[in-house]
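Worksheet: one structure, shown below.
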C-alpha cells in the first residue's frame, strides 16, 4: 500500500524525466503515450485506493525531510478522503487533457512537443505532491511546483514577448501569495513546533493558539490562497495566463492549480473554523471577486478570456462558500467546476483549432452545424455552469448559495446576481460563437471541421461527467441521504447542518433556476444574431476590465520601477560601482605616476638609492627619539 | 691615534665613492668607486675593532673581533661581485665597444 501510494506522484515524475530528457529523440507518438500513460497509471492507483476505501488520517512517512533541533519535518503523505477526491479529479481530468493535448498540440515541433508534455507531467506531479503531503512543508513544495509549471506553460510559446510577460506576471503574482503562505508556515512552526496537519489541528482545537495567532495564521494562509486561486487583489494574472496553450488553461487555470487555495483552506478547516475575522474577509473577498469577474466577462470578446474570467468568478464562489463555513460545498463546487470548466476550455480549444487559431468570437458565428460534437458538449458545459437542474453546476452552486443565505443575506444577493450574470455571459459566448451567420474569412470557412477523436472523446467524457457529476451531492430535500459527498468527506470536514426549512430551500432553488433561465433568454434575444455592439460608458469600462491592470500599473508597478531606477542610479552606479571602479582607477593612476622611476637609466637608480640611504640616515639619527 | 682621524678618512673615501658612482659614466670607474665605498666601510670596521680591543684591555682578549670577521665577509662578497661585475663589463664591451654605463638602459627594450 505504502509503495503503491508513493507511485502516484512518482509516475508523472518519471514521465517528466523521460519526456524532458528525451524530447529531442523520442517521436511524438511515444511522448504522447508516456505523458498520458503515466497520468493514467496514477489515476488507476487513485481509483483503487478510492474503491478499497481504507483511508487513514495518519501520515505515511517515507523519510526525514528536515531534522534540525526540535523541528522534525518528515516527508510523508496523507491519503484521506479529501486528498483522494482531489487525486481523482487531478489525475482523471488531467488524463483526459493529456489525451486531448496529443491531438491539439500535434502541429508543434517534436522537441517542443516533448517539452510540453514534460511540463504537463511535472505539473501533475507537483499538484499531486500538494494534495498528498501530510504537512504544510510538503504542501508548499507542491505549491511552488505548480507555480513554476504554470510559469513554464504560460510562457510555452516563449518567442512571443507578450506571452513571456504574461508568464512573468503570473509568477510574480503567485510569489506575493506564496510569501503569505510561507509566513503562515513560519508562524505555525514558531507557535506549535510542528507542521504536521494533525499536530496543528489538535493544537488549534486544544486552544493552544491565541485568537490573534489563529487570525494571523489564517489571514496569511488566505493571502497565499488569493495568489494561487486568483482572488482580489491578486487575480489579474489568471486572465493573462490564457497566453498558454488551451489544454494548459483547461488543466492548470481551471481544473487543478487554481483550486489549490480551496484545497488548502478546506484542509485547514480546523484552523479556519475558529477565525471569525478571517472567515468574514474570505466571504467578502470571494463574493466581490465573483461579482467583479462576472461583470468583466460580460464584455470580453476573446473566447478564452471569457472563460478565464468565469473561472475567477467561480473561484470567488468557492471562497464565498469557504467564508461561510461550507467547506463541503466548496469542495463539491471544485469537483463539478473541474468537470465543466475543463469541458468548456477544451471545447473552446476545439473551436480555436477549427478556426485556425482565431480566438475572437466576433469573427466566429454559425459554427453549430459544422462542429456538432463540440457544440453539443459546449452547450452542456454552459448549462452546467449556469446552474440549470439537473446538471452538476446546479447542485454545487445551490449548496453554496444555501450556506450563503444562512450566513448573510447580502452575500447571498451578490451570489444570486453573479449566478444570473454567469448564465448571461456564458450563453452570450455560446450564441455568438455557434449561432448566427459565419463572420470569419472565406479561407477559414473552408477550413472549419470537427476535431479528431482524441479531442472529441475527452469532450464527451467530460460532458457526461458534467451532467452526472452533481448527483453525488443531491440535497436532502430531494433525496434522503443524497449528500453522499458530504458523508464521504465527513471524517475530514465536519458536516454542516442546515437550519432553514425545506420549503425555503426549495424556493431558493426555484429562484436561482428562474433567474438563470431569464438570463439565458435575454442572452438569446440579444445575441442569437450577433451584430457589432455599441459600447456605452459602462460597456467600455467592463471591456477594459474596470481598468484594474492600469490601476495596478500606476500604483504598484510604476513606483517600484521608479524606485529601481533611483536605486540603480544612486546606489548601484554612484555608490558601489564608483567604489569598485575607484579602486581600479587609483591603482592605474598610481602606476602611471610611478612609471618614471623605471627609466632604465643606471644613474637614476643609483641616485634614488643614495637619496633613500640619506633618508634612512635622517630617520635613524634625527627623527628617532 | 685618535679614532676620529679614521672616521674622517673613511667618510672621505665613502663620499668620493658615492660621487664617483653618481657622476661618472665609465663602467670601470663606477666599479672602482663601489670598491672604494666597500673599503671605506672595511676601514671603519677595523678601526672600531681596534678601539674596542684596546678599551677592553686584558680582561677580554677577544673584544672587537666580530668586526674583523665582518671585514672578511665583505672582502669575500666584494671578490664575488668583482668577478660578476667585470664579466658584465666585458660582455658590455664586446657588444657595444664601449663601457659607457648608459648603454645599459638598452636592456629595458
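Chains as they are written, first to last, in my numbering: chain V, 25 to 649; chain F, 33 to 141.
The beta-carbon is built from N, C-alpha and C at its ideal position, and this holds for glycine as well.
Since the model is a prediction, treat every value here as computed from it, not as a measurement.
Cutoff 7 Å: residue i Cβ touching any chain V Cβ
i: residue 136 of chain F; result: yes
i: residue 39 of chain F; result: no
i: residue 66 of chain F; result: no
i: residue 131 of chain F; result: no
i: residue 47 of chain F; result: no
i: residue 50 of chain F; result: yes
i: residue 53 of chain F; result: yes
Delimiting residues of the alpha helix (DSSP H) encompassing residue i
i: residue 612 of chain V; result: 602–618
i: residue 303 of chain V; result: 300–321
i: residue 90 of chain V; result: Unbroken run through residue 90 of chain V is the beta strand (DSSP E), 84–92; no alpha helix (DSSP H).
i: residue 573 of chain V; result: 572–576
i: residue 548 of chain V; result: 526–551
i: residue 261 of chain V; result: 261–264
i: residue 127 of chain F; result: 97–128
i: residue 361 of chain V; result: 351–378
i: residue 62 of chain V; result: 52–76
i: residue 402 of chain V; result: 396–410
i: residue 196 of chain V; result: 185–216
i: residue 339 of chain V; result: 327–347
i: residue 55 of chain F; result: 35–55
i: residue 89 of chain F; result: Here residue 89 of chain F belongs to no alpha helix (DSSP H), and DSSP marks it neither H nor E.
i: residue 235 of chain V; result: 235–252
i: residue 491 of chain V; result: 477–492
i: residue 508 of chain V; result: 508–513
i: residue 687 of chain V; result: The requested residue 687 of chain V is not part of the displayed model; chain V covers only 25 to 649.
Cutoff 6 Å; reference residue i; Cβ partners in own chain excluding five residues on either side
i: residue 81 of chain V; result: 104
i: residue 33 of chain V; result: 149, 152 and 153
i: residue 124 of chain V; result: 271, 370, 479 and 482
i: residue 404 of chain V; result: 487 and 490
i: residue 195 of chain V; result: 175
Residue-chain proximity (residue i, chain F), Cβ-Cβ < 7 Å
i: residue 638 of chain V; result: no
i: residue 624 of chain V; result: yes
i: residue 589 of chain V; result: no
i: residue 611 of chain V; result: no
i: residue 634 of chain V; result: yes
i: residue 607 of chain V; result: no
i: residue 630 of chain V; result: yes
Short Cβ contact (7 Å threshold) for residue i with residue j
i: residue 28 of chain V; j: residue 66 of chain V; result: no
i: residue 447 of chain V; j: residue 544 of chain V; result: yes
i: residue 161 of chain V; j: residue 84 of chain V; result: no
i: residue 170 of chain V; j: residue 281 of chain V; result: yes
i: residue 279 of chain V; j: residue 362 of chain V; result: yes
i: residue 420 of chain V; j: residue 352 of chain V; result: no
i: residue 438 of chain V; j: residue 311 of chain V; result: yes
i: residue 229 of chain V; j: residue 155 of chain V; result: no
i: residue 79 of chain F; j: residue 38 of chain F; result: yes
i: residue 454 of chain V; j: residue 370 of chain V; result: no
i: residue 53 of chain F; j: residue 630 of chain V; result: yes
i: residue 336 of chain V; j: residue 262 of chain V; result: yes
i: residue 207 of chain V; j: residue 40 of chain V; result: no
i: residue 457 of chain V; j: residue 379 of chain V; result: no
i: residue 110 of chain V; j: residue 287 of chain V; result: yes
i: residue 566 of chain V; j: residue 322 of chain V; result: yes
Same chain, Cβ closer than 7 Å to residue i, five either side skipped, listed in chain order
i: residue 372 of chain V; result: 270, 327, 328 and 331
i: residue 119 of chain V; result: 60, 63, 64 and 67
i: residue 116 of chain V; result: 67
i: residue 38 of chain V; result: 62
heavy atom of the ligand ZN below 6 Å from residue i C-beta
i: residue 593 of chain V; result: The ligand ZN is absent from the structure shown, which contains no ligand whatsoever.
In the segment 98–178 of chain V, which residue ranges form an unbroken alpha helix (DSSP H) of at least 4 residues, counting only runs that do not cross its ends? 105–128, 134–156 and 160–178
Let me know the alpha helix (DSSP H) ranges lying completely inside the segment 435–472 of chain V, each 4 residues or longer, listed in chain order. 466–471
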